Amino acid sequence: MQKIISAIVDDIGKVLLGKEHQVKLALACLLARGHLLIEDLPGMGKTTLAHALAQVLGLSYKRVQFTSDMLPADIIGVSIFERESGQFRFHEGPVFSQVLLADEINRSSPKTQSALLEAMEERQVSVDGETRPLPEPFFVIATQNPLQQSGTFVLPESQLDRFLMRISLGYPTREAERALFKGVDPRAQLAQIKPRINTDGLRKLQSLVNQVKASDSLLDYLERLVQHTRQSAECGVGLSPRGALALLHAARAWALIHNRSHLLPEDLQAVLPSVAGHRLQSDGTDGTQLVERMMHQVDIIAA
Amino acid sequence: MSVHSGQLQTLLPRESLLWVFAAQLVVLLPHFAHLPIWLVFAWCIAVYWRLEVFRGRREIPGRVVKLVAVSLAVAGLAMTYRRWFALEPMVALLAVSFTLKNIELLSRRDAMLSLMLAYFLAATLFVFDQTIPYALYGVFSLLVITAALVAQQGSGSARAGRALGLSAKLLAQAVPVMLVLFVVMPRLGPLWAVPQNTSAASTGISDSMSPGDFSRLSKSDKPALRISFDGPVPPPEQRYWRGLVYTHFDGRRWSEPGITGNRWAGRRSRVRGEGEQSLPAVGPRYRYQVIQEASHNPWLFAMATPHSGTRGVRTTDEDTLIYRNPVGSRLAYDVRSWPRDSIPAQSQLSAAELRRHLQLPDSGNPEARAWAVARRQEGMDAEAISQALLTMYNRSFTYTLQPPALGANTVDEFLFGTRQGFCEHFANSYVFTMRAAGVPARVVAGYQGGEWVEQQEYLLVRQYDAHAWAEIWLPERGWVRVDPTASVAPQRIRDGLQSAAAEEFMQDAFLPLHKIPFVTRLRLQWDMINYRWYRTVVSFDAERQEGLLRRLLGEISPLRVAIFLGTPMAIALVALLIWLKLSSRGPALAPADRVYLRFCKRMARAGLPRNPGEAPGDYARRVEREWPALGLMVLRITLAYEKAAFADDTGALKQLRRLVRVFWPLRLSARSGISTNSLPTSAR
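Chains as they are written, first to last, in this note's numbering: chain A, 69 to 371; chain B, 3 to 686.
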């Protein structure tokens, strides 16, 4: 099992050079059955990461480029009257796939954004009064441009909360970039990636995540972290119970990736910025900085 | 409205206002009983007006309205009381100012002022009554006032549960301080004599005795005296608590010249000075403390030949005790009594005394006089006549609580007619007859008997124990007590009224509670609680305070008092410190955490502390980087800790303990080689 995981990480690492941490985070997110939001400037490899993930996990993959004039039907699908049968037939939209890459999600109008809400949370869509289940597993990997960019709609908190993690890739290191210049075109590399795991294997991995043990000491630490977000004057809004659960779940997946059957505080700390960053609000400062400060303020052992 | 708009902005919020009114109501409620009724209305109007102001329907009263209100109130007080320097008008004045403050209750400062005044008013409650229910009510008042103060802080703390809870917490915290202050606070005498309320009617022995007085008293089961003995206890037949001596008889009423109402005046104010009649140097037979209920009379009660060391208590010529003022509230006094037979008799009665004790009205009761003269002519001496009279009582008289009414010649009708009577009839006829026979005699009124409470802790004497008896003068023995009632109803003296009067006892009582043993026991219990309350709390005066401090400290010196005060305070502070430390630590640490923290502490002392929030794994890697000599050891400890704390591995916990026990960073690094290399990079 561990071999498969490290192979997956290695494979993606070939396409996305020097971003091992982010790759692992993304993988942990998927193993924890969460949706992933990648936020960065254009051209940093957001789409590449999403594409590589889908491919290496052997999942069906669809991509939707969000635009401001997009309608919900463009994602979910639409019923069309067919003359030969004399009936309406539902044409599935891109949401009916195992991995949905919602590119530049914040370019579309809130209406369209929220069409994804039900799909993400319930893993089903309702069209014309009929509920249709989505394929299993179902991941949404959304990318978004930083909000300062023009022509973007801010994702509402409720929608942000649907994403288990928000990560950003950042500029590559000098060495990584040099290797990129010298090496093969990433797009060509992408095409060569073979699935390392099938759907059953993935499901098994996901169930293993739930078996990672969290001791009382660790839950204490988690509790103190969560309490800190709720009581600190810095945080406008604290972590919700769903946020806390997400944190625990993501940390478990992280521990599994690192071949541990029990959680360590490091696991929590590793996923904390990506899980809590977009859920916490503070006036002015970025949520991620808040989380960094929080990790220094809350000690691992209650003293 | 524009004039007041500035004020309105700082107006008290609704909760604050309601809390202030609630506190006022709680404080004023017990006072309503004795305050004039118009004051109650005034308070209601003031509150109503203030609420109208709050709703914006009325303006805050202007200067004219206030002036009118103040003059009305002052006029009302003057009309109601007609005198100023007494207790009630003073309390009423306080209540009035408290009430009037409501119409200018604008800012938070005003609310504070009103509440502080409420504390003061709550304290004045104890001027009137110091019993347990009132004390409990006082605590309740404190609770509400403090809660109102808490509520002034704002919306969240104005919620009833929260305010009262915090208030209760504050009061509970103040209890130790209260106890210490109760013990050490100097007891000041009253700064000025406040005239007590003297008009209150009360039951008790009055300044005169006429037929029917004592049977009225026998219907009251209110406590009169509570007596606790220090040392030997007199037998029941000796328990005569003498209060007043009556020497003057006008044919119907026995009274004492010089006593009118509750004033002890005229020639009777000539009281025996200290040491004028020397009491024997050998100790008194009985020492006891009497706690007397408010009687509104100055006379006190004690056994024959008493002496009291309590301030304000004097001994009179008649061997009774009197107090300098009428007893307006419970009074405790210590008495030493020498039984008459233990001290040398007074040799001679002066001519005036003799005249006084032989006084009889010019006419009336001829039969009794004739009987006495006849006995005298038979050659009987005083003792023989007395014996003859008592024998007569014994043979053919009945003791009853409901004697038939008597006409003009009370003695004759009783002796030779009805022959049914209560103690006063016997005392009356006995003294009359003895005087007619030429024997100096007098009536003594007081209480007789009493009921033991709680294994003889104290003797409870009730109003129905009121009794009248006689004393005659025998030349060789001085004054001798003769109780004619004893020859008729000896059980009255031995066992008390209840067994002597049996069916008649407390017949008129609305509920015959005295017949239910359980209720009787309960009432005695309650009386005992009251008694202890009074002895330990209310009567804790300067003298007893000094006694207690002396017992606690040995001697009273500033140093010892300071130690006495300081020690509990220091203990309290230390306890608080420990408590704070314990409570801030939260739940107890897991064993693995504790051991790991010890390791961290040692590392910190060695100069490489773990950063706050640094995960153990990260810390281990940092140590490995900065202080390679320790790297391996730290890594092992960290691994063991991680296993113990996060994988719940008990074996790992043992291993962790073992590892940390021998882990001394500086020693380890010194052993492992060159010192400069072995120090952390940050410490170099």
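No residue lacks a Cβ here, since even glycine has one placed at the ideal position from N, Cα and C. Being a predicted model, the structure only gives us computed values, none of them experimental.
- C-alpha of B/R241 to C-alpha of B/L183: approximately 39 Å in a straight line.
- Setting aside the 5 residues that flank it on each side, B/W51 is surrounded in the same chain by I105, each with a C-beta closer than 6 Å to its C-beta; the list follows chain order.
- In the displayed model, B/I474 falls within a strand according to three-state DSSP.
- For A/H103, the beta-bridge partners assigned by DSSP are A/F231.
- In the three-state scheme derived from DSSP, where H, G and I count as helix and E and B as strand, A/K281 is classed as strand.
- Put simply, the CB of A/E334 is near chain B, with a gap under 9 Å to one of its CB atoms.
- When C-beta distances to chain B are compared with 8 Å, the residues of the segment 302-336 of chain A below that value are S329, H330, L331, L332, P333 and E334, in chain order.
- At least one C-beta of chain A is nearer than 9 Å to the C-beta of B/F648.
- Per DSSP, the unbroken alpha helix (DSSP H) holding A/R255 starts and ends at P254 to Q260.
- Assignment of A/A94 by DSSP, reduced to helix, strand and coil, places it in the helix class.
- Within chain A, the residues placing a beta-carbon under 8 Å from that of B/A617 are L332, P333, E334, Q337 and I368, ordered along the chain.
- Within a 10 Å sphere around the beta-carbon of B/N411 sit 16 or more other beta-carbons, which makes this residue buried.
- With respect to chain B, the C-beta atom of A/L237 has no partner C-beta closer than 9 Å.
- Taking all protein chains shown into account, B/P135 has fewer than 16 neighbouring C-beta atoms within 10 Å of its C-beta and is therefore exposed.
- Under the 8 Å Cβ criterion, the segment 195-213 of chain A counts as touching the segment 103-115 of chain A, having at least three qualifying pairs.
- Between B/P238 and the set B/Q361, B/L499, B/A443 and B/V445, the nearest pair of CA atoms involves B/L499.
- Look at B/E644: its C-beta is under 9 Å from a C-beta on chain A.
- For B/R523, the closest of B/G568, B/R437 and B/W454 by C-alpha to C-alpha distance is B/W454.
- In terms of beta-carbon proximity, A/A282 lines the interface with chain B, with at least one pair separated by less than 9 Å.
- Taken in chain order, the unbroken stretches of beta strand (DSSP E) that lie wholly in the segment 297-325 of chain B and span 3 residues or more are 315-317 and 323-325.
- Chain-order list of chain A residues neighbouring B/A592: S283, D284, S285, D288 and I369, by C-beta distance under 9 Å.
- Excluding five sequence positions before and after B/W666, the CB atoms of its chain that fall closer than 8 Å to its own CB belong to R604, given in chain order.
- Take the alpha-carbon of B/G64 and the one of B/W45: they are about 18 Å apart.
- Every beta strand (DSSP E) of 3 residues or more that sits fully in the segment 438-495 of chain B is shown, in chain order, as 443-450, 453-455, 460-464, 468-476 and 480-484.
- Residue pairing for B/M211: DSSP places it in a beta bridge opposite B/W256.
- In this chain, the beta strand (DSSP E) harbouring A/E198 covers E198 to P201.
- Not a single CB atom of chain B sits nearer than 9 Å to the CB of A/H89.
- For B/Y598, the neighbours in chain A by C-beta distance under 8 Å run, in chain order, I369.
- For A/L315, the secondary structure class from DSSP, reduced to helix, strand or coil, is helix.
- Considering only beta carbons, the part of the segment 606-636 of chain B lying closer than 8 Å to chain A consists of N613, P614, G615, E616, A617, P618, G619 and D620, in chain order.
- Using a Cβ distance threshold of 9 Å, B/G58 and A/I368 do not count as a contacting pair.
- Here B/Y460 is not near B/I207, since their CB atoms are 9 Å or more apart.
- Within the model, the alpha-carbon separation for A/R292 versus A/E186 is close to 32 Å.
- Exclusion of the five residues before and after B/R371 leaves A438 as the residues of its chain whose Cβ lies within less than 6 Å of its Cβ.
- Cβ contact annotation for A/M363 (same chain, cutoff 6 Å, sequence separation greater than five): Q337, in chain order.
- Following the DSSP letters along the chain, one finds B/P225 in no alpha helix (DSSP H) but inside the beta strand (DSSP E) bounded by residues P225 to F231.
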